[in-house]
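S.K.:
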Amino acid sequence: MSTVKPKQGREPSSLIQLILRADEALSTPVFQLSLPWLLEFLFSIPGNLMGPPLVQVTLPFWFFWLSSEETTDYQDLFLAIISFSFLLLLPWIFFLRGNIWIIQHIIYSNKSFALAPFLGTGVAFYFGSDRRYSQALAYHSLILYNLSCIATMFLKHGTERKRPCVTFGHLIPRKHLAIIPKILAKGAANASFPSGDVMAATAWAIPLWHMGYPTSSILLVVLAACGRMFFLAHHLLDTVVGMTVCLLVHGLLQWSPEHAALPTMGTAEWYHPIGALIALAVASRFRKGDEK
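Numbering (this note's numbering), first residue to last: 2 to 293.
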């Protein structure tokens, strides 16, 4: 059974252990699944590429494209989506071919975390001059991503739950892309709870829902959650809590007092995502200092 690492020598309570056992029982059927190679590769995209910070550069284009069906730059925006998505997909393909260094130095590098929100904000600022509401939704997704990262980071650090790729390591050979769970087991074995990728997928899905695409929003989160479970990165509970974290952050923004100066849906400005990034940077520094 995977466990939440006890603090100061304390064992998890009987209730917690019961919840964890039930979580594993519900998750195991997904862990055991096998897919043909091509389907597994396609599944690896929503299952692993919702969380990387570089996605923040691509997502604003989607919000503008979905609201630009009758404008002259509709095709230009679609071309931008294809181009930037390819730039994100290319490192992933190289990683799957055995170039492990790409994870640390490109996909999840410190520079990516620092630069991606600035680039995403720049994209939203430039392309959203005549699409104010879509621009605000793009800003909102960046805010949700970075603020939710703070809660996710502290939860991961506080619980240190083992990933399924550790506790169910015997299932790794079932996967054609076994490099994914192997790298997770080696480099981030105790970061199962909660799912950062599902948290991120929810950050993109919430504005999409407000644009009138509820089915696509739900599908985005479900694919991310199932993908993370399929590749033995998370349990079912991890994905549910990852989604819930982002929904709670969104709720705090929506129902915060007016004097709090926090952006509600459709009101965000360019400086709000930058503020969220600064908050994440400060929280990261605080956590690292706490470890010393």
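We treat Cβ as the ideally placed atom computed from N, Cα and C, and that holds for glycine.
(1) According to the Cβ coordinates, are LEU39 and THR59 closer than 8 Å?
(2) Is any non-hydrogen atom of the ligand NAP found closer than 7 Å to the C-beta of HIS236, if you look at the structure I gave you?
(3) Please return the same chain residues whose Cβ sits closer than 7 Å to the Cβ of LYS293, not counting the five positions on each side in sequence.
(4) My assumption, with CB atoms under 8 Å, is that ASN49 sits in contact with ILE219. Please give the rounded CB distance.
(5) Out of GLN105, ALA190, GLY228 and LEU185, which has the shortest C-alpha to C-alpha gap to ALA202?
(6) When you compare only the Cα positions, how much space is there between ILE151 and LEU238?
(7) Whole angstroms are fine: how far does the CA of HIS251 sit from the CA of ALA137?
(8) From the DSSP output, in three-state form, read off PHE169 for me.
(9) Spatial neighbours of MET212 within its chain, please: C-beta separation below 8 Å, excluding the five flanking residues on both sides.
(10) Secondary structure at ASN191, three-state DSSP: helix, strand or coil?
(11) Express the C-alpha separation of ALA284 and ALA115 in angstroms, rounding to a whole number.
(12) Taking LEU281 as the reference, give the member of MET230, PRO174 and MET154 with the closest Cα.
M.R.: The short version:
(1) no
(2) Looking for the ligand NAP in the displayed structure turns up nothing, as the structure carries no ligands at all.
(3) The pLDDT assigned to LYS293 is 41, lower than 50, so where the model puts this residue is not dependable; a value taken from the coordinates is nonetheless given after this. Excluding positions up to five away in sequence, the list is empty.
(4) That belief does not hold up - the Cβ atoms of ASN49 and ILE219 are roughly 19 Å apart, past 8 Å.
(5) GLY228
(6) 19 Å
(7) Roughly 14 Å between the two C-alpha positions.
(8) coil
(9) PHE64, LEU67, SER68, SER135 and LEU138
(10) coil
(11) 13 Å
(12) MET154
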